[in-house]
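Trainee: To start, I am sharing the structure in question, which I have written as C-alpha cells.
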Ligand SMILES: [Zn+2]
C-alpha cells in the first residue's frame, strides 16, 4: 500500500466536500476496483491511525437485515441491542454487532487545512491552445482569485 497516494486522495476528497466514506470506497478511488478483505483491512487500519492524528473521525453505520444503513453514530456505545424499526424499510430488528460497519468523515480541522492549502479553486486553469509554451508569468486565477499558475501567451 502506497500511503502517499492515499494522503493525496484524502486531500482531493476533502476539497471535493466528500463526507461519510467507507474503506471500500477509498480502495476503489485509489485504483483498486475489486479490493479483497486484506486491502480493505489495511485501509481501515490506516484510516483508524488517522483518527488519532485528527484527520478523520470514525462513524458506525448500523445495517438492518434488509441491508439499509438505518442509522449512524459516532460512538458505538450509543448502539443499544434493543428492537427498533428501520428508518428506511420499517422492518423491526435488533442491531447486530456483525452488521455494524465503520465509515469515516473528515474533521473540520482537516477540511480547513486543505481549504487553506488548496484555495477554493475546484477547476484547474484551462491550458490555451499553445500548452507547450513555456510558463511566462504568475497571475491570479481569473474566476476565483486563487493564486495559480496561468500561462500568458
Ligand atoms: Zn431496512
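In my numbering, the protein residues as written are 313 to 465. From the three backbone atoms N, C-alpha and C, an ideal C-beta is built for every residue, glycine too.
1) At the level of alpha carbons, what is the spacing between residue 373 and residue 363?
2) According to DSSP, simplified to helix, strand and coil, what is residue 404?
3) Take residue 342 and list the residues in its own chain whose beta-carbon comes closer than 7 Å to its own, dropping the five residues that flank it on each side.
4) Sort out for me which residues DSSP pairs residue 421 with in a bridge.
5) By Cβ distance, which residues of its chain are closer than 7 Å to residue 406, with the 5 residues on each side in sequence left out?
6) Tell me the rounded alpha-carbon separation between residue 428 and residue 323.
7) To which residues of the same chain is residue 378 closer than 8 Å at the C-beta, ignoring the five residues directly before and after it?
8) How would you call residue 382, buried or exposed, if buried means at least 16 neighbouring beta carbons within 10 angstroms?
9) Tell me the residue span of the alpha helix (DSSP H) that contains residue 323.
10) Could you tell me if residue 345 is buried or exposed, where buried requires 16 or more neighbouring beta carbons within 10 angstroms of its beta carbon?
11) Any Cβ of chain C within less than 8 Å of the Cβ of residue 422?
12) Under a Cβ-count criterion, where at least 16 other Cβ atoms within 10 Å of its own Cβ denotes burial, should residue 390 be classed as buried or exposed?
13) Buried or exposed, going by whether 16 or more other CB atoms sit within 10 Å of the CB of residue 315?
14) Which one or two residues does DSSP pair with residue 396 in a beta bridge?
15) Are residue 360 and residue 370 touching if we call contact CB-CB under 8 Å?
Mentor: Quick look at the numbers:
1) Mapped onto the chain shown, residue 373 falls at position 61. Mapped onto the chain shown, residue 363 falls at position 51. C-alpha separation (whole angstroms): 17 Å.
2) For this step, residue 404 is matched to residue 92 along the chain shown. The answer is strand: DSSP assigns residue 404 an E or B state.
3) To locate residue 342, count along the chain shown from 1; it is residue 30. Around residue 342: 317, 318, 321.
4) Along the chain shown, one-based indexing puts residue 421 at 109. The partner list for residue 421 (beta bridge, DSSP) is empty, contrary to what the question assumes.
5) What you label residue 406 is simply residue 94 of the chain shown in a count that begins at 1. So the list reads 393, 394, 395, once near-sequence residues are dropped.
6) The residue given as residue 428 occupies position 116 in the chain shown. The residue given as residue 323 occupies position 11 in the chain shown. Rounded to whole angstroms, residue 428 to residue 323 spans 11 Å at the Cα level.
7) Mapped onto the chain shown, residue 378 falls at position 66. The residues are 398, 400, 401, 403.
8) Mapped onto the chain shown, residue 382 falls at position 70. Flag for residue 382 reads buried.
9) Against the chain shown, residue 323 aligns to sequence position 11. 315-328 is the extent of the alpha helix (DSSP H) around residue 323.
10) Locating residue 345 in the chain shown gives position 33, counting from the first residue. Per the 10 Å Cβ criterion, exposed.
11) Absent here is chain C; the protein component of the structure consists of one chain.
12) Reading the chain shown from its first residue, position 78 is the one you call residue 390. The residue is exposed, with fewer than 16 neighbouring Cβ atoms inside 10 Å.
13) Here residue 315 is taken as the residue at index 3 of the chain shown, counted from 1. That one is exposed.
14) What you label residue 396 is simply residue 84 of the chain shown in a count that begins at 1. Residue 396 is bridged to 405.
15) Here residue 360 refers to the residue found at position 48 when the chain shown is read from its first residue. Here residue 370 refers to the residue found at position 58 when the chain shown is read from its first residue. In contact: residue 360 and residue 370 (Cβ atoms closer than 8 Å).
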